[in-house]
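Below: the structure, in structure tokens.
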Amino acid sequence: MRSVRNNGLSLFFLGLFLVVLVAQAIAGHALYNDEEVAHAKLLHQTPETLTLWRYVTSSSFGQAVMENWQSEYLQFTIFILTGVWLVQQGSTESKKLDSVGTESDEEQKVGQYATDASPKWAKTKGLRLWLLSNSLLIVMGVIWLGSWFGQSVTGWSVYNADQIQHLQPTVNWLGYISTADFWEATLQNWQSEFLAVGSMAIFSVYLRQRGSSQSKPVGAPHEATAEEG
2 MRSVRNNGLS LFFLGLFLVV LVAQAIAGHA LYNDEEVAHA KLLHQTPETL
52 TLWRYVTSSS FGQAVMENWQ SEYLQFTIFI LTGVWLVQQG STESKKLDSV
102 GTESDEEQKV GQYATDASPK WAKTKGLRLW LLSNSLLIVM GVIWLGSWFG
152 QSVTGWSVYN ADQIQHLQPT VNWLGYISTA DFWEATLQNW QSEFLAVGSM
202 AIFSVYLRQR GSSQSKPVGA PHEATAEEG
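Numbering (this note's numbering), first residue to last: 2 to 230.
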């Protein structure tokens, strides 16, 4: 029980993710089959409906999932990187105003300044220390690129299937990622993520939620960061 309590935040969101993913699959499956039936009826054809399992292994479901994953991880990747150099006075999402940059070894507790409790690689030099120092950005960036590629491949498959159905020419992968269809789906997710991050950065200057790690203490001045408050 202590382990569950100590990891409650990540476990809660993992459980929520799985529940919503299953719900998305069920709703998407119903929508896909409804559209197939309606389309077949219009053309006086027999509808090609899918089982739930066949749907969740299809490009249609994969594209719907990957579109959102890639935009979320792009948001984190850019936010992690810009958080090194850019600050917002009073925001809980920002470092202190005088901490711009990668900071000193002493501030980061690496090399000779590492403590006994520091990760082993924090006490090393060269490539291993560089990898540890940038590991969060690297992992988030790799997940973003992987999910973006997954979106492009599954979207390409869906796009060509639709082209065939309407007796139009198919395109190769490079041709698909240069289409308005791909970029409209991609950019509509990106703009919402950037709006959300920017809103959180500025709202946290003036608004509070008592007891939340994402908020300053209720009585902290607006100009103070979470650390200063």
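Note that CB positions come from ideal geometry on N, CA and C, so glycine has one too. Values in this document were obtained by computation on a predicted structure and should not be read as measured data.
Asked: The stretch 199-216 contacting the stretch 99-109, beta-carbon criterion three pairs below 8 Å; Found: no
Asked: Rounded straight-line distance, which links the Cα of residue 92 to that of residue 44; Found: 57 Å
Asked: Close beta carbons around residue 34, own chain, < 7 Å, minus the five adjacent residues each side; Found: 50, 51
Asked: The stretch 55-73 / the stretch 150-168 touching (three or more Cβ pairs under 8 Å); Found: yes
Asked: Cβ pair residue 124, residue 115 closer than 8 Å; Found: yes
Asked: Exposed unless 16 or more other CB atoms sit within 10 angstroms - verdict on residue 145; Found: buried
Asked: Residues of its chain near residue 166, where Cβ-Cβ distance is below 6 Å and the 5 sequence neighbours each way are ignored; Found: none
Asked: Collapsed DSSP secondary structure at residue 83 in the structure displayed; Found: helix
Asked: Backbone secondary structure at residue 40 - three-state DSSP; Found: helix
Asked: Three-state secondary structure (DSSP) of residue 6; Found: helix
Asked: Segments assigned beta strand (DSSP E), at least 3 residues, entirely inside the stretch 114-181; Found: none
Asked: Other residues of its chain near residue 18: CB distance less than 8 Å, five sequence neighbours each side excluded; Found: none
Asked: DSSP-derived helix/strand/coil call for residue 30; Found: helix
Asked: Backbone CA spacing between residue 188 and residue 38 [nearest angstrom]; Found: 30 Å
Asked: Pick from 196, 95, 32 that is closest to residue 1, judged by C-alpha positions; Found: What is shown of the chain runs 2 to 230, which leaves residue 1 out entirely.
Asked: Residue range of the unbroken alpha helix (DSSP H) whose run includes residue 57; Found: 53-57
Asked: The stretch 70-78 / the stretch 173-186 touching (three or more Cβ pairs under 8 Å); Found: no
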